[in-house]
């Protein structure tokens, strides 16, 4: 496997690359992650089953879109492909600082400013993406839609609820929930902004004191979906929100919309991991119907 990956790196970089050392890295819930080096240059490599190549191609596409925007450091895509038994994605290796004790208030503030600028400077006429991509291992449908409430209700909540039903985790009315979602969002008319799509603390870091993002699931959406998710699995430090709000304030009603938007990720976690997330999904469904 490693020789095939090294050969692909050599072709992509137009320079012979022979792996001298591999080191498995911690932190990957879905992929196996490694650093590989020839003694001079180091790369970050994600490995998964062979049929997951499309996941890596979608991730590479999102990373390349974010890199063009210029507001963040984004790992450069080197190559992706298949060996006989595995798929892989090779990225630039970055020396990241992720843990709070190493990160200053000013750095978190700069992350908020950078995200606000990303949202402001990269806008579209409709909601969606050029292709369906992935949120974790789950397909994320992205058919273009001019109406945000319809897009989110059908392609985010409705799709996940259908998966829950197929997994025998939900027997209720999907349309009742999607109709309620549309009702709650119908008076909110955001501009479609490029979003990271999976913005939690595990997907942000700092490189040479500058904000860095990775593992995206990009699409054009209400920008609030990124802020909402940043509060779901352990809220970012307050300086992040101050930087964002000072640059691009959130609209009135965000606190209610946040609950709706984060329901998407709760439902997805229930589909991916079951366990305690099923109870959280049931609570979300009950809460939405009660709003």
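Numbering (the numbering used here), first residue to last: 1075 to 1365.
Cβ coordinates follow ideal geometry from the N, Cα and C atoms, glycine included.
Quantities reported herein were computed from a predicted structural model and do not represent experimental measurements.
Given residue i as reference, the closest of the options once Cα atoms are compared
i            : options                : result
residue 1105 : 1161, 1150, 1088       : 1161
residue 1250 : 1242, 1342, 1236       : 1236
residue 1087 : 1242, 1346, 1117, 1189 : 1117
residue 1283 : 1141, 1295, 1183       : 1183
residue 1318 : 1262, 1276, 1194       : 1194
residue 1222 : 1240, 1188, 1192, 1296 : 1296
residue 1252 : 1323, 1233, 1288, 1121 : 1233
residue 1361 : 1261, 1122, 1255, 1305 : 1255
residue 1333 : 1280, 1359, 1145       : 1359
residue 1287 : 1091, 1143, 1098       : 1143
residue 1113 : 1126, 1141, 1097       : 1097
residue 1091 : 1259, 1115, 1099, 1191 : 1115
residue 1300 : 1185, 1129, 1240       : 1185
residue 1197 : 1278, 1269, 1281       : 1269
residue 1314 : 1127, 1328, 1337, 1273 : 1273
residue 1191 : 1320, 1076, 1149       : 1320
residue 1298 : 1089, 1335, 1210       : 1335
residue 1129 : 1352, 1213, 1100, 1171 : 1213
residue 1261 : 1100, 1111, 1224       : 1224
Other residues of its chain near residue i: CB distance less than 6 Å, five sequence neighbours each side excluded
i            : result
residue 1216 : 1202, 1203, 1206, 1293
residue 1220 : 1200
residue 1176 : none
residue 1352 : 1243, 1344
Inter-residue spacing [alpha-carbon to alpha-carbon] between residue i and residue j
i            : j            : result
residue 1107 : residue 1364 : 42 Å
residue 1303 : residue 1354 : 15 Å
residue 1078 : residue 1166 : 18 Å
residue 1136 : residue 1169 : 21 Å
residue 1179 : residue 1316 : 10 Å
residue 1346 : residue 1187 : 32 Å
residue 1349 : residue 1342 : 12 Å
residue 1095 : residue 1085 : 19 Å
residue 1140 : residue 1267 : 12 Å
residue 1133 : residue 1153 : 11 Å
residue 1275 : residue 1322 : 21 Å
residue 1331 : residue 1259 : 7 Å
residue 1311 : residue 1181 : 10 Å
residue 1329 : residue 1159 : 46 Å
residue 1218 : residue 1145 : 25 Å
residue 1325 : residue 1189 : 16 Å
residue 1356 : residue 1226 : 19 Å
residue 1075 : residue 1089 : 19 Å
residue 1100 : residue 1265 : 38 Å
residue 1279 : residue 1228 : 32 Å
Where the beta strand (DSSP E) through residue i begins and ends
i            : result
residue 1147 : Taken as a continuous stretch (DSSP letters only), residue 1147 belongs to no beta strand (DSSP E), as it is neither H nor E.
residue 1106 : 1106-1111
residue 1267 : 1267-1269
residue 1359 : That residue, residue 1359, is in no beta strand (DSSP E); its alpha helix (DSSP H) goes 1350-1364.
Residue i: first and last residue of the uninterrupted alpha helix (DSSP H) it sits in
i            : result
residue 1084 : 1076-1087
residue 1318 : 1312-1321
residue 1338 : 1328-1347
residue 1256 : 1248-1259
residue 1299 : 1298-1304
residue 1165 : It is not in any alpha helix (DSSP H) - residue 1165 instead sits in the beta strand (DSSP E) that spans 1160-1166.
residue 1189 : 1179-1195
residue 1237 : 1233-1240
Burial state of residue i (16 or more Cβ within 10 Å)
i            : result
residue 1231 : buried
residue 1309 : exposed
residue 1121 : buried
residue 1083 : buried
residue 1242 : exposed
residue 1289 : buried
residue 1327 : exposed
residue 1257 : exposed
Neighbourhood of residue i by C-beta distance below 8 Å, restricted to the same chain and skipping five residues each side
i            : result
residue 1263 : 1222
residue 1156 : 1124, 1127, 1162
residue 1239 : 1245, 1248
residue 1281 : 1147, 1168, 1169, 1170, 1171
residue 1277 : 1270, 1287, 1288, 1289, 1290
Close beta carbons around residue i, own chain, < 7 Å, minus the five adjacent residues each side
i            : result
residue 1339 : 1303, 1306
residue 1080 : 1091, 1092, 1093
residue 1149 : 1118, 1137, 1165, 1166, 1168, 1288
residue 1210 : 1104, 1342, 1346
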